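Report on the following structure.
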Amino acid sequence: MNPRTAEPYLSAPGLASAVAAVVLGTLLWNIVRNILTSPIPSSVPGPFLARITSKWILLVDLSGQRAQVVDALHKKHGPVVRLAPDELSFAGRDAVKAIYGAGATVVKSPAYNLFGKRGMFQMQDPREHRERQRRIAHIFSAASLQQTEPLVQAVVGRTVATLAASVGAPVDALHWCRMMALDVAGAVLMGKEFGAFDGDGAAPVYVRHLDNAYIAWALNGLAPALVWLLERLPIQSLQRFLAAREYVYSYGEHAVQQYLKTNGRASSRRTLISKMIAGNPETGAEPLPDADIVIEVSNNTFAAVDSTGNTAAYTLYRLACVPEWQQRLRREIRASGAKEKGFQYQSLQALPVLNAVLVETLRLHPAVPTGLPRLTRDATIFPDPDKFDPGRWLSGDGAAVFAGTPVAQEMTLVWGGRGPRACSGQYMAAMEVKLLLAQLVDRFQVGLQGEATHGEMEMTAHFHLIPKGRRCGLVFDDEEVSDETT
1 MNPRTAEPYL SAPGLASAVA AVVLGTLLWN IVRNILTSPI PSSVPGPFLA
51 RITSKWILLV DLSGQRAQVV DALHKKHGPV VRLAPDELSF AGRDAVKAIY
101 GAGATVVKSP AYNLFGKRGM FQMQDPREHR ERQRRIAHIF SAASLQQTEP
151 LVQAVVGRTV ATLAASVGAP VDALHWCRMM ALDVAGAVLM GKEFGAFDGD
201 GAAPVYVRHL DNAYIAWALN GLAPALVWLL ERLPIQSLQR FLAAREYVYS
251 YGEHAVQQYL KTNGRASSRR TLISKMIAGN PETGAEPLPD ADIVIEVSNN
301 TFAAVDSTGN TAAYTLYRLA CVPEWQQRLR REIRASGAKE KGFQYQSLQA
351 LPVLNAVLVE TLRLHPAVPT GLPRLTRDAT IFPDPDKFDP GRWLSGDGAA
401 VFAGTPVAQE MTLVWGGRGP RACSGQYMAA MEVKLLLAQL VDRFQVGLQG
451 EATHGEMEMT AHFHLIPKGR RCGLVFDDEE VSDETT
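Residue numbers (full-length UniProt numbering): 1 to 486.
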């Protein structure tokens with residue numbers, strides 16, 4: 001055959017057909033394999049797609065609607081639902097005990113590998129997690145976090161002052177709540193604030209990278225091959241987007257190195273980073289290597305921004321929607337004498353109505369929803385589950401918090417984690433939100449900017465809870481003037 005005149009072995013249409021056949025064959029093989037190798041009995045109910053692929057639930061994740069979809073599936077199918085060939089979702093008290101209770105052997109999902117670099121948050125091996133926890137748990141103890149209160153108070157004070165500067169005018173409360181959480185995390189975990197309240201009020205560049213990182217991590221879970229390809233395309237804007245995954249860690253590394261350069265390894269500063277660098281002298285636990293300190297500091301910082309900021313914004317939103325609870329909280333704060341004590345956390349920590357308002361907000365809007373509404377909005381546990389009613393947590397005389405049924409009390413532990421996997425930053429987050437609420441509600445009447453705020457605050461989630469409109473339009477009016485006009 002003359003090589004100059006011979007037909008190619010495969011024409012362009014033929015090549016396209018071959019590629020399509022390979023793709024289709026691979027897809028069919030994966031479907032058959034998932035059906036044949038699934039450890040879940042075929043009798044377990046769930047969507048048809050859940051039997052053949054896990055990609056459908058990842059697409060739901062990307063849409064931000066996982067919590068609502070999983071809740072709807074449980075309402076339709078009952079307490080056990082198939083979400084993927086190898087994934088089940090459980091709803092009910094017994095499942096909570098089995099998964100989170102003492103002696104539970106359930107291993108954390110591999111899905112956590114998608115979120116950043118491997119620290120305590122991502123560790124699946126219980127022994128490895130236990131060892132990491134042993135070395136840093138003292139850092140997040142209530143006693144340790146209490147020492148950071150002056151740092152938290154300073155940032156909360158700037159948040160209140162910023163909102164006071166716009167009294168009577170619409171403001172984006174979500175933005176400023178996130179900025180508060182960002183600067184608290186910077187001060188406590190990295191030894192330096194981000195400067196979120198400096199300048200013209202625009203969010204620091206770290207926030208934009210953080211928002212992109214969550215999307216990029218989720219995309220990597222949905223289509224890792226696609227991400228691999230995108231990483232090799234010479235498109236500058238695309239590479240900046242994907243680089244956000246590394247940015248949050250390079251920022252943390254720079255912060256740790258700057259802290260060491262300025263303060264050394266034996267600093268007496270009341271920051272969590274200083275305690276992490278020092279190890280635990282009481283138990284003799286050695287400090288982590290610097291590379292692991294960077295990961296833990298970075299993970300806890302980016303986890304704090306949206307979890308705390310969104311919780312604060314949703315609590316203010318709910319109080320604006322239900323003025324009678326706002327007024328009841330105001331009366332409690334003033335009767336406690338907290339203002340005269342400089343709003344010290346000790347004067348606020350155990351206030352029943354304040355605690356009930358916060359817990360009820362978390363019930364309706366868990367900071368990390370995933371599938372939690374299937375429990376927190378279960379009408380058999382919480383009557384009228386979509387209603388904001390802090391009274392469900394109070395006794396008849398209003399003197400005790402968490403006075404609900406034993407089942408309801410157990411559910412309060414779910415949205416912050418439970419047992420060894422509980423959120424390490426819960427205490428710090430509660431301190432921030434309570435300090436902010438007490439000062440704002442004492443000073444201002446919090447109202448909605450308008451009906452559009454309800455649409456803005458519809459729930460979506462990309463791991464963390466995110467309001468649909470990415471803002472929370474509220475108005476803070478001088479409380480005394482407001483009372484005179486009502």
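Every residue, glycine too, gets a C-beta built ideally from N, C-alpha and C.
As the structure is a computational prediction, the values presented were derived from the model and not from experiment.
Unbroken alpha helix (DSSP H) run spanning residue i, endpoints
i: V297; result: 290-321
i: D183; result: 173-185
i: H138; result: It is not in any alpha helix (DSSP H) - H138 carries neither H nor E in the DSSP assignment.
i: V70; result: 66-77
i: E456; result: 452-456
i: F197; result: Premise fails: F197 is in no alpha helix (DSSP H) and is neither H nor E.
i: T283; result: Here T283 belongs to no alpha helix (DSSP H), and DSSP marks it neither H nor E.
i: T276; result: Contrary to the premise, residue 276 reads as Met rather than Thr in this sequence. Looking at the DSSP string, the run of the alpha helix (DSSP H) that includes M276 is 272-278.
Beta carbon of residue i nearer than 8 Å to that of residue j
i: F115; j: W217; result: yes
i: residue 520; j: V368; result: Residue 520 cannot be examined here, being either before or after the span of the chain that is shown, 1 to 486.
i: P39; j: D86; result: yes
i: G252; j: S298; result: yes
i: D172; j: G473; result: yes
i: M120; j: E296; result: yes
i: V441; j: L319; result: yes
i: L238; j: L230; result: yes
i: Q153; j: L435; result: yes
i: V155; j: A202; result: no
i: R269; j: G191; result: yes
i: L49; j: W56; result: yes
i: T283; j: L362; result: no
i: P170; j: Q449; result: yes
i: Y317; j: M457; result: yes
i: L288; j: P352; result: no
i: D292; j: A91; result: no
Exposed unless 16 or more other CB atoms sit within 10 angstroms - verdict on residue i
i: K275; result: buried
i: D71; result: buried
i: G455; result: exposed
i: E233; result: A small correction: the amino acid at residue 233 is Leu; Glu does not occupy that position in the sequence shown. Exposed: under 16 other Cβ atoms inside 10 Å.
i: H74; result: buried
i: H254; result: exposed
i: G78; result: exposed
i: Q257; result: exposed
i: A350; result: exposed
i: T148; result: buried
i: D183; result: buried
i: A303; result: buried
i: T105; result: exposed
i: T301; result: buried
i: L24; result: exposed
i: K97; result: exposed
i: V205; result: exposed
i: S109; result: exposed
i: G309; result: buried
CA-to-CA distance, residue j to residue i, given in whole angstroms
i: C321; j: T453; result: 10 Å
i: N263; j: H138; result: 21 Å
i: Y249; j: S336; result: 42 Å
i: G221; j: R443; result: 45 Å
i: E246; j: Y345; result: 36 Å
i: L174; j: L28; result: 45 Å
i: Q445; j: R158; result: 19 Å
i: V107; j: S144; result: 29 Å
i: R208; j: S54; result: 29 Å
i: Q122; j: A461; result: 19 Å
i: L242; j: K76; result: 38 Å
i: L354; j: L364; result: 16 Å
i: K387; j: T37; result: 43 Å
i: V305; j: A181; result: 5 Å
i: L286; j: R265; result: With the sequence shown as reference, residue 286 is identified as Glu, and Leu is not the correct amino acid for it. Answer to the nearest angstrom: the Cα atoms are 13 Å apart.
i: I99; j: S166; result: 47 Å
Enclosing beta strand (DSSP E) for residue i [first to last residue]
i: M123; result: No beta strand (DSSP E) holds M123; DSSP gives it neither H nor E.
i: F444; result: 444-448
i: D94; result: D94 -> not in any beta strand (DSSP E); alpha helix (DSSP H) instead, spanning 93-100.
i: I466; result: 464-467
i: G473; result: 473-478
i: V256; result: Element bounds for V256: not the beta strand (DSSP E) but the alpha helix (DSSP H), 236-263.
i: residue 512; result: Residue coverage of the chain in this structure runs from 1 to 486, which leaves residue 512 outside it and unanswerable.
i: E340; result: Per DSSP, E340 belongs to no beta strand (DSSP E) and is neither H nor E.
i: F90; result: 87-90
Residue i Cβ short of 7 Å to the ligand GTP heavy atom set
i: D442; result: For the ligand GTP, the structure offers nothing, since it holds no ligand at all.
Any C-beta of chain D under 8 Å from that of residue i
i: I273; result: You won't find chain D in this structure, because it holds only one protein chain.
Practice problem: Give a yes or no on contact between the stretch 63-82 and the stretch 44-53, applying the rule of three or more CB pairs nearer than 8 Å. | Solution: The stretch 63-82 is in contact with the stretch 44-53.
Exercise. Inspect the CB distances between the stretch 325-334 and the stretch 265-275 and report whether three or more fall short of 8 Å.
Key: no
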